[in-house]
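> Handing you this structure, nothing more for now.
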Amino acid sequence: MKTKPRRLVLLVDDDIRSARVFVRMLREDGFDVEVAHDGAHAIGRLSRAPAPDVLVTDLQMPHADGIAVAKYARSCNPTLPIFMVTGYPEIVAARAKAFDPEPRIFTKPLDYPTFAKELDRTGT
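Taken in order, the sequence shown gives residues 1 to 124; the numbers are from UniProt numbering.
Next comes the structure, spelled out in structure tokens:
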């Protein structure tokens, strides 16, 4: 039986505690996870191989916000699934539509089971 390769998630969140919990849940669901704790680090990581299969980013972070990270990610890979997790969904939706006609936006606190279902839909 052929096993499905593990997908790489780049998680971008400046809240270290939240990121730790999120990483644990993603790994339990079979993902490899790399973490960037600010937008500039995330943009640097997106410039290197291997490219992530999925980007999950917070909105408000130091050095570059989640919108800047998502725009850069989209310029590197136009089909990369991007998930934005924020306490400000209305603000994100308006700004995200400039580069993604159907942005995937999740509100904090995160409903992880709903998020996980949507993440599974992006798999191959």
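Just so you know, even glycine gets a beta-carbon here, dropped at the ideal spot from N, CA and C.
For VAL54 versus PRO89, is the C-beta spacing smaller than 7 angstroms?
On the sequence shown, position 54 is the one that residue 54 refers to. On the sequence shown, position 89 is the one that residue 89 refers to. No; because the gap between Cβ atoms is not below 7 angstroms, this pair is not in contact.
> May I have the straight-line CA-CA distance separating VAL64 from ALA42, to the nearest angstrom?
For this step, residue 64 is matched to residue 64 along the sequence shown. For this step, residue 42 is matched to residue 42 along the sequence shown. The sequence given here places Ala at residue 64; Val does not occur at that position. Computed Cα separation, rounded: 9 angstroms.
> Is LEU26 helix, strand or coil by DSSP?
Locating residue 26 in the sequence shown gives position 26, where the first residue counts as 1. Helix.
> Expressed to the nearest angstrom, what Euclidean distance is found between the alpha-carbon atoms of PRO52 and VAL9?
Numbered from 1 along the sequence shown, position 52 holds the residue referred to as residue 52. Numbered from 1 along the sequence shown, position 9 holds the residue referred to as residue 9. Whole-angstrom Cα-Cα distance: 6 angstroms.
> Between which two residues does the alpha helix (DSSP H) containing LEU119 stretch?
As a first step, residue 119 is located in the sequence shown; it is residue number 119 there, counting from the start. Counting along the chain, the alpha helix (DSSP H) containing LEU119 begins and ends at 112 to 121.
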